[in-house]
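> full-length UniProt numbering applies: residue 1 is where the sequence shown begins, and numbers increase by one. Using N, Cα and C, we set each Cβ at its ideal position, and we do this for glycine too. This structure is in structure tokens; I'll ask about it shortly.
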Amino acid sequence: MGITTAVADRKGKECRELSRDNSVKTNGKSRKGRRRQKRMLPIQRLYDTCKEVFAESGTNIIPSPENVERLKVVLDGIKPGDLGLTADMPYFRSSVTQRYPAITYLHLCECDKFSMGIFCLPPSGVISLHDHPGMTVFSKLLLGTMHIKSYDWAVNDPNTSAANSSPTVPPGVRLAKVKVDSNFTAPCNTSILYPSEGGNMHCFTAVTACAVLDVLGPPYSDPDGRHCNYYCDYPFSRFSVAGVSVPEEERDKYAWLEEGEKPTELAVEGAHYEGPMFKER
């Protein structure tokens, strides 16, 4: 009995010491993990989050609400300095020789699931009205003040069927409803648009020099039918359609959109991204 008790006591002591050692090691690893996570660059965190959020990405496939919020939180926390951007960079200067200021696109990455890039607009720079068919888009204004005007097709509006079948409306012209028509100044929260709502068709106009970080999931792809379409917008009063009636005070909430060619004044130039790097893993 005495020997059994002694062995049991010794084994218990050894187990307690082993447990204590493992606890120290585990806590050490945990602390190291937290330190690594804390040291992770925001751009790396963004890339890693995009890779997970868009793992099942495809045309008209929207991430879960939880994943949408998860990516939004990461984007909300990104600052210009996290991407090596400063307001005095040449991308943000207007040229007196250019009637339409050129826009610079800094490519970050693109795969078949998502893409990331930064648009740099000098004052009065315009990204013409365009769409993102089948995509979920996260836009984060990083610098400056930008006017955003966006539309959704008025597909559920009782006036839509009458408008789209009217002989007075030219082919290719559809009724749309304004989603956003406002100025935004950084820092502000990330905006999100979905394949059929949230302002899938939008136009950016730089009030001051500004930069916007765009994340698309999935990216544009002509073979998959995800090509960029451009539009001209006309006031609701442009066409008179029998059976279509909108109260006077709401007419500024509707517009006619006509699909067309890429505007000749839209000039986007690619440039090398020189900010903090990340590993595509």
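Does the Cβ of R99 have 16 or more other Cβ atoms within 10 Å, making it buried, or fewer, making it exposed?
For the purposes of this step, residue 99 is identified with residue 99 of the sequence shown, where counting begins at 1. Looking at its Cβ environment, which holds fewer than 16 other Cβ atoms inside 10 Å, R99 is exposed.
> Going by alpha carbons, who is nearest to V212 out of F184, W153, P42?
The count along the sequence shown starts at 1 and reaches residue 212 at position 212. When each option's Cα is compared against that of V212, the closest is F184.
> Measure from the alpha carbon of L129 to the alpha carbon of each residue in L71, G84, D181, then state which is nearest.
Numbered from its first residue, the sequence shown carries residue 129 at position 129. Comparing Cα positions, the closest option is D181.
> Who are the Cβ neighbours of E274 in its own chain at under 7 Å, not counting the five residues just before and after it?
The residue you call residue 274 lines up with position 274 of the sequence shown. Counting only Cβ-Cβ distances below 7 Å, and skipping sequence neighbours, we find G84.
> Within its chain, find whatever has a CB closer than 7 Å to the CB of A206; leave out the 5 residues flanking it on each side and keep chain order.
Within the sequence shown, the letter at position 206 stands for residue 206. Around A206: L121, P122, P123, S124, G125, G144, M146.
> Take the Cβ of C188 as the centre, count every other Cβ of all protein chains shown within 10 Å, and call the residue buried at 16 or more, exposed below.
For the purposes of this step, residue 188 is identified with residue 188 of the sequence shown, where counting begins at 1. So C188 ends up on the exposed side.
> Secondary structure at C120, three-state DSSP: helix, strand or coil?
Locating residue 120 in the sequence shown gives position 120, counting from the first residue. Three-state DSSP puts C120 in a strand.
> Compute the distance between the beta-carbons of E280 and Y105, then report whether it is under 8 Å.
For the purposes of this step, residue 280 is taken as residue 280 along the sequence shown, with counting starting at 1. For the purposes of this step, residue 105 is taken as residue 105 along the sequence shown, with counting starting at 1. For E280 and Y105, no; Cβs fall outside 8 Å.
> Using only CA atoms, which one of Y231, A267, E265 lies nearest to S150?
Residue numbering aside, residue 150 sits at position 150 when the sequence shown is read from its first letter. For the residues Y231, A267, E265, the minimum Cα distance to S150 belongs to Y231.
> If you draw a straight line from the alpha carbon of S191 to that of F138, how long is it in whole angstroms?
Along the sequence shown, one-based indexing puts residue 191 at 191. Along the sequence shown, one-based indexing puts residue 138 at 138. Approximately 6 Å between the Cα atoms of the pair.
> Would you report the Cα separation of V268 and F119, rounded to the nearest angstrom?
Position 268 of the sequence shown, counted from the start, is the residue given in the question as residue 268. Position 119 of the sequence shown, counted from the start, is the residue given in the question as residue 119. The alpha-carbon atoms of V268 and F119 are separated by roughly 9 Å.
> Quick one: what's got a C-beta closer than 6 Å to P133's C-beta in the same chain, skipping five residues either side?
If you number the sequence shown from 1, residue 133 lands on position 133. Cβ neighbours of P133 beyond the five flanking positions: R226.
> Please confirm if Y231 has its CB atom under 8 Å from at least one CB of chain B.
The structure shown contains no chain B; it holds only a single protein chain.
> Quick one: which unbroken beta strand (DSSP E) runs of 3-plus residues sit fully inside the stretch 204-231? Chain order, please.
Runs found: 210-217.
> Please report the Cβ distance between V74 and R39, rounded to the nearest whole angstrom; I am assuming they are in contact, meaning their Cβ atoms lie under 8 Å.
On the sequence shown, position 74 is the one that residue 74 refers to. On the sequence shown, position 39 is the one that residue 39 refers to. No, V74 and R39 are not in contact; Cβ-Cβ is about 16 Å, not under 8 Å.
> I need the boundaries of the alpha helix (DSSP H) containing D48, first residue and last residue.
Reading the sequence shown from its first residue, position 48 is the one you call residue 48. From DSSP, the alpha helix (DSSP H) with D48 extends over 42-53.
> Just confirm the distance between the C-beta atoms of I148 and F92, as a whole number of angstroms; I'd bet it's less than 8 Å.
As a position in the sequence shown, residue 148 is number 148, starting the count at 1. As a position in the sequence shown, residue 92 is number 92, starting the count at 1. I148 to F92, Cβ: 18 Å. No contact.
> Which residue marks the beginning of the beta strand (DSSP E) containing K140, and which one marks its end?
As a first step, residue 140 is located in the sequence shown; it is residue number 140 there, counting from the start. 136-143 is the extent of the beta strand (DSSP E) around K140.
> Counting only the same chain and skipping the five closest in sequence on each side, list residues whose C-beta sits under 8 Å from that of D76.
The residue you call residue 76 lines up with position 76 of the sequence shown. Excluding positions up to five away in sequence, the list reads K140, N189, T190.
> How long is the line joining the alpha carbons of S196 and I127, rounded to whole angstroms?
Translated into positions along the sequence shown, residue 196 becomes position 196. Translated into positions along the sequence shown, residue 127 becomes position 127. Near 20 Å, if we compare the C-alpha coordinates of I127 and S196.
> According to DSSP, is R36 part of a helix, a strand, or is it coil?
Counting from one through the sequence shown, the residue named residue 36 turns up at place 36. Any reading at R36 must be qualified, since the residue scores a pLDDT of 49, below 50, and its modelled position is unreliable; the value itself is stated next. In this structure, R36 counts as helix in the three-state DSSP scheme.
> Which of the three DSSP states is assigned to Y105 in this structure?
Reading the sequence shown from its first residue, position 105 is the one you call residue 105. Strand, per DSSP.
> Between which residues of its own chain and M116 is the CB-CB distance below 6 Å, once the five residues before and five after are set aside?
Residue 116 sits at position 116 when you count from the first residue of the sequence shown. For M116, where only same-chain residues beyond five positions count, the Cβ hits under 6 Å are L108, C109, V215.
> In the DSSP assignment, find the unbroken beta strand (DSSP E) run with N183 in it and report its ends.
For the purposes of this step, residue 183 is taken as residue 183 along the sequence shown, with counting starting at 1. Here the beta strand (DSSP E) through N183 covers 173-185.
> Taking 8 Å as the limit between beta carbons, can you name the residues of its chain near N67, skipping five residues before and five after?
Residue 67 sits at position 67 when you count from the first residue of the sequence shown. Closer than 8 Å at the Cβ level, and outside the excluded window around N67, lie E52, V53.
> May I ask you to list the residues that DSSP assigns as paired with I61?
Locating residue 61 in the sequence shown gives position 61, counting from the first residue. DSSP lists no partner for I61.
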